[in-house]
Structure formats: C-alpha cells, structure tokens
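Notes for the one structure printed next.
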Amino acid sequence: MKFKLLGLLAILTSLLTACGGGGAYARVIVAGSTSVQPYSEILAEEFVFLNPEITIDVQGGGSSSGIRAASTGTSDIGMSSRALNEDEMDYWVVEIARDGLAIVVNPQNPIHELSFEQLQHVFTGEITNWGEVGGNDARIHLIAREEGSGTRGAFEELVMADGQFITPRAIVQSSNGSVRQLVSSDPNSIGFLSLGLVDDTVRALDLDGVAATAENVISGTYNLFRPFLYISREAPEGATAKFIDFILSPYGKAILAEEGLIP
Amino acid sequence: MSESGLKPQMKYKIETKAVNLHYGSFHALKDVTMGIRDCSITAIIGPSGCGKSSLLRLFNRTNDLIPGVKIGGDILLDGDSIYDKSKDISVIRKRVGMVFQKPNVFPMSIYDNIIIGPKHHGVKNRSKLEEISESCLKQVALWDEVKDILKKSALDLPAGQQQRLCIARALAVEPEVILMDESCSALDPESTMKIEELMANLAQKYSIIIVTHSMEQAVRVSDWSAFMMINEDKIGTLVEYSETTKMFQNPKDQRTEDYITGRFG
Amino acid sequence: MALALSSISALALITIFIIIQGAPIITEVGMFNFIFGMTWAPSQGEFGIFPMIVGSAAVTVGAVLVGVPIGICCAIFLSEFAPVSVRNFFRPAIQLLAGIPSVVYGFWGLLFIVPFIREHLGGPGLSILAASIILGIMILPTIISISEVSLLSLPRQYKEGALALGMTQWQAIRYVQLPAAKSGIVAAIVLGLGRAMGETMAVIMIVGNSVALPQSILDPVRTLTTNIGIEMGYAAGEHRQALFATGIVLFIVIMILNATAQYITRRK
Numbered sequence: 042m043k044f045k046l047l048g049l050l051a052i053l054t055s056l057l058t059a060c061g062g063g064g065a066y067a068r069v070i071v072a073g074s075t076s077v078q079p080y081s082e083i084l085a086e087e088f089v090f091l092n093p094e095i096t097i098d099v100q101g102g103g104s105s106s107g108i109r110a111a112s113t114g115t116s117d118i119g120m121s122s123r124a125l126n127e128d129e130m131d132y133w134v135v136e137i138a139r140d141g142l143a144i145v146v147n148p149q150n151p152i153h154e155l156s157f158e159q160l161q162h163v164f165t166g167e168i169t170n171w172g173e174v175g176g177n178d179a180r181i182h183l184i185a186r187e188e189g190s191g192t193r194g195a196f197e198e199l200v201m202a203d204g205q206f207i208t209p210r211a212i213v214q215s216s217n218g219s220v221r222q223l224v225s226s227d228p229n230s231i232g233f234l235s236l237g238l239v240d241d242t243v244r245a246l247d248l249d250g251v252a253a254t255a256e257n258v259i260s261g262t263y264n265l266f267r268p269f270l271y272i273s274r275e276a277p278e279g280a281t282a283k284f285i286d287f288i289l290s291p292y293g294k295a296i297l298a299e300e301g302l303i304p
Numbered sequence: 045m046s047e048s049g050l051k052p053q054m055k056y057k058i059e060t061k062a063v064n065l066h067y068g069s070f071h072a073l074k075d076v077t078m079g080i081r082d083c084s085i086t087a088i089i090g091p092s093g094c095g096k097s098s099l100l101r102l103f104n105r106t107n108d109l110i111p112g113v114k115i116g117g118d119i120l121l122d123g124d125s126i127y128d129k130s131k132d133i134s135v136i137r138k139r140v141g142m143v144f145q146k147p148n149v150f151p152m153s154i155y156d157n158i159i160i161g162p163k164h165h166g167v168k169n170r171s172k173l174e175e176i177s178e179s180c181l182k183q184v185a186l187w188d189e190v191k192d193i194l195k196k197s198a199l200d201l202p203a204g205q206q207q208r209l210c211i212a213r214a215l216a217v218e219p220e221v222i223l224m225d226e227s228c229s230a231l232d233p234e235s236t237m238k239i240e241e242l243m244a245n246l247a248q249k250y251s252i253i254i255v256t257h258s259m260e261q262a263v264r265v266s267d268w269s270a271f272m273m274i275n276e277d278k279i280g281t282l283v284e285y286s287e288t289t290k291m292f293q294n295p296k297d298q299r300t301e302d303y304i305t306g307r308f309g
Numbered sequence: 679m680a681l682a683l684s685s686i687s688a689l690a691l692i693t694i695f696i697i698i699q700g701a702p703i704i705t706e707v708g709m710f711n712f713i714f715g716m717t718w719a720p721s722q723g724e725f726g727i728f729p730m731i732v733g734s735a736a737v738t739v740g741a742v743l744v745g746v747p748i749g750i751c752c753a754i755f756l757s758e759f760a761p762v763s764v765r766n767f768f769r770p771a772i773q774l775l776a777g778i779p780s781v782v783y784g785f786w787g788l789l790f791i792v793p794f795i796r797e798h799l800g801g802p803g804l805s806i807l808a809a810s811i812i813l814g815i816m817i818l819p820t821i822i823s824i825s826e827v828s829l830l831s832l833p834r835q836y837k838e839g840a841l842a843l844g845m846t847q848w849q850a851i852r853y854v855q856l857p858a859a860k861s862g863i864v865a866a867i868v869l870g871l872g873r874a875m876g877e878t879m880a881v882i883m884i885v886g887n888s889v890a891l892p893q894s895i896l897d898p899v900r901t902l903t904t905n906i907g908i909e910m911g912y913a914a915g916e917h918r919q920a921l922f923a924t925g926i927v928l929f930i931v932i933m934i935l936n937a938t939a940q941y942i943t944r945r946k
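Residue numbers (our numbering), protein chains in the order written: chain A, 42 to 304; chain B, 45 to 309; chain C, 679 to 946.
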C-alpha cells in the first residue's frame, strides 16, 4: 500500500511537472511483475524528482505480460521477477537486483537449519511439531503472507513444488514487518521475509547447510532468491537509458538496498 | 403530640415515637407519635404536602431509598424497632407490604407478577406457587376474570384489574400490614368500589393503613383516622387521631373541623 | 434535506457498486459454493468463504460473551449504584473508549493479550480468544450506554414495587428491572454484535487470519472483514471480485443485525 501511494505521488508529481514545464519532455512506460513494481515506483519517484522533464509510468500485470509488453514495444521496459525462458532470450536484459527470501525463526529456537524438503513439509502442514525436525516438542506456528503478495508468490515459486500449497492453517500477516514482529515474539513460530529485512530480532535459517546471506545470494549458493529483471526489445536509448543508468548507479543501488533487495 | 385519647396499655401493631423526617435540609415531619391497631383500617388524611405519604413510606422504610434522608425518633412493629441496625430491611418490607398510587404491575405475566415475591422468599415448589397465586387472586376477586389468561402480560389488563393484581401481589408474600398510598386515585369509581370492598375484607386479617385525598373514602372504609397538616413552620404534623366516626362527627381540633367542613361544604 | 438525500444516494451508490463488483464471481462460482466452500485459495481459483463465516461468527459470539456481562454490570452500576459524581466521571470516560482508534486496540492486543494467551494458554496467541477479548472491550461503550439508558428510563415504580415485596436491591434489578429493560438491552447486544462483526483493523492484527476452520478458541481464524482488509492490497481480477462478494455477504449480515436492533427498539 505504501509503495502504491508513493507511486501515485510520483505519477502526480510527474504530471504536474509535465504540465508546467512546457519544454521537451519524454515518457517511459514500465510494466510487468507486481513484485518488482513497488521498487520501480520508488525508483521512478526519485528519478523524476531529479529529472522533471521525464515522466515514468509504472504499471503491473505480471512478469509474463511485462516481457510480452517489452517485446511488442507496448512498454519501454518490461519487469520480470523470474529468469527468462528460451523463447524470451532475444531481448535486451539487465538484472537490477536480486530479491532474497529468508526463512526466519525466533532467536530462542534451537533450530539453526532445515533441509529444503523439511521446509516444504513444514509449510504444507505435513510437519507440525518442532520435534520432527530436531527441535523442542512444540507445535509449529506457521506465519505466511496474504494471497497476492509478491513475497508469498516468491515463496511458492521458490520453495513449493508443483501441487504443493501453503496450508490454510498458517497464520496470515499482511506485511513483512508484522511477520518479523510476530516471529520475534513467538518462540515457536516460523515465517518468511525479504532477506534485506532480516534483523537481530529474528534468526534466518540455513537451508541445506547454506547460510542466508547477501553474499551467498550473489554467489548463487543460497538459492531462495529471484532475479528482478528489466527487459527491453532492444538496447535502450534516451530517457529509458537514462532511467536504467540511474538504477544501476550507486545512488539507485543504495535505494534498492535500503528497500531490502540485493543490488 | 399526645396520643389523642388512646389508652397507653393497648397493644399496637405499629407505633411511631416522636418521628422526625428530614430530606436534606427540608424538615418534612415533626414529632409524629401514634399507634396503629391490628386488624383495622387506618386512614391518613390531610391537604396536599402535609407529609401523609412520607409518613406512610416510613412504615416499610421506602424512604430509605431517597438520598439525603434523615429519620429521627423510632417506629416499632410489634414492639420492635424497624430502624434497628440489625434488622434485615427485606424482612421488614415483607411484613409490611405496600400498594402504590399508580398500578405498578411488572412487565411480565399475571402469574409471574404474583409469584415473584414468594419465589424470592424461598417458595420453590411449583404447585405451592400455583396455590398461592390462586388464593391471592381469589382474595382480590380477580381469579374468575384472569384464571384463563394467567400467562398473558399483566400490562394488558385494565387499570382497575392491574391495581387489584398489585394488591394480590402484595398479599402473596403474606404481609402483616398493608400500606396503600392513594391506591384508588388513578381508578374509575367502579374499580374504586371493588377495591374498597376488598379492603374491608382484608381488614379481618391484616392491618391496613391508607393515605387518601378523599374524605368520603376515609369515612366509607376506615376505622381510625389521622388528620395531618403543615404547621406555621411548614412542617408536617399530626393534628388529630381518633376513631373515624368520632373525628368526622365531632372533631376536637379547630383545624380538623375547618378542613372537614371545608371539604364537605 | 439535500444533505440527507446526498448521504442516502451515496449509500445507494456504494451498495450498487459493491454488488456490481461482487456479483459476477458469485454467479460464476455459485452462491452455495461461495458461501459453503471450505477452501479459499484465489491463486488456484478456489473461492469458498465458509471458514471465514465461521470465523466471524466465533469472534462475534466471543465478543458478546466478554462484552455483554461486563457491559450490563457497568450499566447497572452506573444507573443504580453510582453516586452522581462517579457517574459524571464514568459516562464521558466510556464515551472516550468509543473514540479510541481501532488500530490502537489492535496494537494493545498484540502487545499484551496475544503474548499472555500464548504463554499461559498455549497456541500462537493470535486467536479467536484474543479477538473476542479486544472486540468485547470495543463493544462496551455501545452496550453500556444503551443498556444504561433503558434501565434509567424504567418507571421508578418497578423498583419500588419490587423492594416493597421484600426483594433485595439485587433481586429487584435481576428479576424485575433487567427483564423490564429487556428490549433496550437486547437492542444494545444486537448493535454490539454488528459492531464486532464489522470491525476490521484491530481484528486483522490479532486474529491470525488463517483460512482454515478453527478447532479451538486458541486457534487463529479469518473473519469476513479481515479477508477483505488483508488481501485487498494486491488483489486483481476474480480475486478482487471475490473480496467484493465477501463484502456483499458481510453487508447483508450487518443489515440484518441492524434491522433487528431497530425492530426491537421500536416495538416498545
């Protein structure tokens, strides 16, 4: 919600400047993954503030439709939160950041590690007691995000196999912040968060022996992450290129890091 | 105030001894001393605002409910003070029942109105309760009229029947004294007549004290009459207390005479 | 007049809008399947809200069990026992309770009630019980003020009559005054039900929002309101329609409750 509001502000600001400026002005359309969308909106807002002559129009629609829009030229940039498949390899692509996903438990929990399979079974509801994975004899309190959230989408995509679903018994919270707050206060809980938002009130679990750290995401050994891609039909020019350069600049990377992504 | 010619050795059901009543700074009753006999009807009469109802309400401690009330002197029931600290107020109210000016049936069925009192004084047996309801309704001559509609709301009855129901309800807890505070003033003449007949019957078993505005009613029903009036300091006092026939034929006090003749024309 | 008309038309517009938005999914899934369906998984095309109907019912009944006895006792205290000075202090204080934003109740519940339940009673703490307690407190102002008014408006003769039969003050209240004030008190309860049923923000924070049928009062549930509140952020397409359809169900239930309350209060 907060992101959307900011995005709206960004659009409003850009409209205002566009009307008032009267000089040369350009419009960049960015469309695609709803997971990337909020970050694009924040970046666009900042970019438009620095470059009032350019309007950035950020839209949703999902990764596939974003790639399609970029391929047909309906949008200048397509956003994707998944790797491109073979049919889509022809386009110009840049990875603006990686979105790591941490599995978090309360710091009092003796468990430091889960196997990938254990993780799946915990979230499908087949494993309900910490004792079954070597912890205390206590019921596992699962905490998930709501349907439609990008983080839940990422979890389902990266962890759950086909036909596996998060059990309906899971507690549902509507923000990373409240998941973290809840995990930090309930010793028997487990949840998932954007990796960048893990702090010392919760503990990120090792997965198959690999620690959930930014370095391991960058090296690719910790594989609970999604690439956030910007796609264009051909190498971008003009305003589009200016926007992408801004994102890849140290300032743009700092903004993404602040929002919890791994640039 | 003297005891108006009553012999001191006679036993009274209720005796008031120099009773004073204050509502906050307002002095409502001054030095009321009188004795009320068992199995008789005593009428308290007098102009509006003379403290008749206040006096009546002292007999079952209804005035206690008013904030700032202060009671001096003493009231005895069968020789025992009812204002004694150790006395259970609900026992006193059970022994001294009260019927109000306006019929105040509870918003529940006729039957429930009757049995609510006995139920809270420990009668749990159903057939016993039914027996009480029948006998009390018969005593007030209401049984034939309501026996088929006992489960209907008492609020649906006409006012006259409601008032008789209130009397029946008061009888159901087996009181010894019944106080009636202008209990006929809201009723039509026919209902009034029925209730007066009822009083005469009840007086064989109970002592009844009524407050009434109506001289005619006092003459018709009461054995004893107490005339009250406010004195020069606007405080209610008992002026004269004697047998009703004596008081109305031959009042001793000039004020009583003025009041009675004024009323009778 | 114009203001009244505009507020009525605004209400009508909202109603029409909700129905237009929500009706397609109900016709598509089927009324029966929508209301009695056990699975809510919009990403898999499953739209059954039965667990949430149960959830709403559970927290609402819980709120009434918590709020009504306390509320009525407060109303009795204020109308029968409290000295004027105490009454003059408590009345505005209770109204103030109604003015506290619901998010504050939710936050308070999350910080105190939820950990207390988790540590002393078990479960995740986010539960029907936690929501019932918070909602029970939130409906107190409604229950207290309406019950108090209906007790105070009783003729004094009821109380005097009961006391004159030798009943104690408590017996008079319990067996004469409360039954006499019944219609007002029932209306208070029904309005409280409506308030509890409609509350969203505080409930989202403490009820857990699981979409499964609860097995005990220590289990988390999702209510109709929290279903809308928690998922509306990202919902699109059928998912969005299904949230509006949830709104239609909620709308109807609350309309019925309020109409019942109106009917009860007008009858006397």
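Cβ atoms here follow ideal geometry from the backbone N, Cα and C, with glycine treated the same way.
Residue i beta carbon near the ligand MN (any heavy atom closer than 8 Å)
{"i": "THR113 (chain A)", "result": "Among the components modelled here there is no ligand, and therefore nothing to report on the ligand MN."}
Coarse secondary structure for residue i, derived from DSSP in three states
{"i": "VAL285 (chain B)", "result": "Per the sequence shown, the amino acid found at residue 285 (chain B) is Tyr instead of Val. The answer is strand: DSSP assigns TYR285 (chain B) an E or B state."}
{"i": "ILE694 (chain C)", "result": "helix"}
{"i": "LEU297 (chain A)", "result": "helix"}
{"i": "GLN100 (chain A)", "result": "strand"}
{"i": "TYR292 (chain A)", "result": "helix"}
{"i": "VAL742 (chain C)", "result": "helix"}
{"i": "ARG180 (chain A)", "result": "strand"}
{"i": "LYS196 (chain B)", "result": "coil"}
{"i": "LEU155 (chain A)", "result": "strand"}
{"i": "ARG105 (chain B)", "result": "coil"}
{"i": "ILE942 (chain C)", "result": "helix"}
One or two residues paired with residue i in a DSSP bridge
{"i": "ARG326 (chain A)", "result": "Here chain A covers residues 42 to 304 and nothing more, so residue 326 (chain A) does not appear."}
{"i": "SER269 (chain B)", "result": "B:ALA87 and B:SER286"}
{"i": "ALA185 (chain A)", "result": "A:VAL213"}
Contacts of residue i in chain C (Cβ-Cβ under 7 Å)
{"i": "MET243 (chain B)", "result": "What MET243 (chain B) touches in chain C: nothing, since even the nearest Cβ is about 17 Å away."}
{"i": "GLY280 (chain B)", "result": "Neighbours of GLY280 (chain B) on chain C: none; closest Cβ ~21 Å, over 7 Å."}
{"i": "ILE212 (chain A)", "result": "PRO802, LEU804, GLY886, ASN887, SER888 and PRO898"}
Residue nearest to residue i in terms of C-alpha spacing, selected from the options
{"i": "ALA741 (chain C)", "options": "C:ALA842, C:GLY723, C:GLY876 and C:ARG796", "result": "C:GLY876"}
{"i": "ASN217 (chain A)", "options": "A:ARG210, A:ARG193, A:SER74 and A:ALA282", "result": "A:ARG193"}
{"i": "SER227 (chain B)", "options": "B:GLU218, B:ILE252, B:ALA216 and B:GLN248", "result": "B:ILE252"}
{"i": "TYR783 (chain C)", "options": "C:ILE817, C:GLY733 and C:THR717", "result": "C:ILE817"}
{"i": "ALA850 (chain C)", "options": "C:GLU758, C:PHE714 and C:ILE713", "result": "C:GLU758"}
{"i": "ARG900 (chain C)", "options": "C:ILE906, C:MET716, C:MET730 and C:GLY723", "result": "C:MET730"}
{"i": "ARG139 (chain A)", "options": "A:GLN100, A:PRO209 and A:SER235", "result": "A:SER235"}
{"i": "ILE772 (chain C)", "options": "C:PHE794, C:PRO702, C:ILE824 and C:ILE867", "result": "C:ILE824"}
{"i": "GLY700 (chain C)", "options": "C:MET883, C:GLN940, C:ILE926 and C:ILE932", "result": "C:ILE926"}
{"i": "VAL135 (chain A)", "options": "A:VAL145, A:ILE108 and A:GLU158", "result": "A:ILE108"}
{"i": "MET879 (chain C)", "options": "C:GLY872, C:HIS798 and C:ILE906", "result": "C:ILE906"}
Chain B residues whose Cβ lies nearer than 8 Å to that of residue i
{"i": "PRO965 (chain C)", "result": "For chain C, the structure presents residues 679 to 946; residue 965 (chain C) sits outside this window and is missing."}
N- and C-terminal bounds of the beta strand (DSSP E) containing residue i
{"i": "MET142 (chain B)", "result": "140-143"}
{"i": "GLU87 (chain A)", "result": "No beta strand (DSSP E) holds GLU87 (chain A); the alpha helix (DSSP H) holding it covers 78-91."}
{"i": "ASP156 (chain B)", "result": "Here ASP156 (chain B) belongs to no beta strand (DSSP E); instead the alpha helix (DSSP H) covers 154-164."}
{"i": "VAL762 (chain C)", "result": "Taken as a continuous stretch (DSSP letters only), VAL762 (chain C) belongs to no beta strand (DSSP E), being part of the alpha helix (DSSP H) at 762-777."}
{"i": "VAL899 (chain C)", "result": "No beta strand (DSSP E) contains VAL899 (chain C), which DSSP labels as neither H nor E."}
{"i": "LEU65 (chain B)", "result": "58-67"}
{"i": "MET243 (chain B)", "result": "No beta strand (DSSP E) holds MET243 (chain B); the alpha helix (DSSP H) holding it covers 233-246."}
The alpha helix (DSSP H) enclosing residue i, as first and last residue numbers
{"i": "TRP786 (chain C)", "result": "780-786"}
{"i": "SER188 (chain B)", "result": "Sequence inspection shows Asp at residue 188 (chain B); the Ser mentioned does not correspond to that position. ASP188 (chain B) -> alpha helix (DSSP H) spans 187-190."}
{"i": "GLY232 (chain A)", "result": "Note, GLY232 (chain A): premise wrong, no alpha helix (DSSP H); beta strand (DSSP E) at 230-235."}
{"i": "PRO819 (chain C)", "result": "818-830"}
Cross-chain neighbours of residue i in chain C, by beta carbon under 8 Å
{"i": "THR75 (chain A)", "result": "TYR912"}
Within chain B, the residues that residue i reaches when beta carbons sit closer than 7 Å
{"i": "THR846 (chain C)", "result": "SER134"}
{"i": "VAL739 (chain C)", "result": "Neighbours of VAL739 (chain C) on chain B: none; closest Cβ ~28 Å, over 7 Å."}
Partners in chain A for residue i, counting only beta-carbon separations shorter than 8 Å
{"i": "ILE882 (chain C)", "result": "SER215"}
Residue i: contacting residues in chain C (beta-carbon distance under 9 Å)
{"i": "PHE144 (chain B)", "result": "GLN835, GLU838, GLY839 and ALA842"}
{"i": "ARG137 (chain B)", "result": "LEU841, ALA842, LEU843, GLY844 and MET845"}
Residues that residue i contacts on chain B, provided the C-beta gap is smaller than 9 Å
{"i": "VAL854 (chain C)", "result": "PHE150, PRO151, MET152 and ILE160"}
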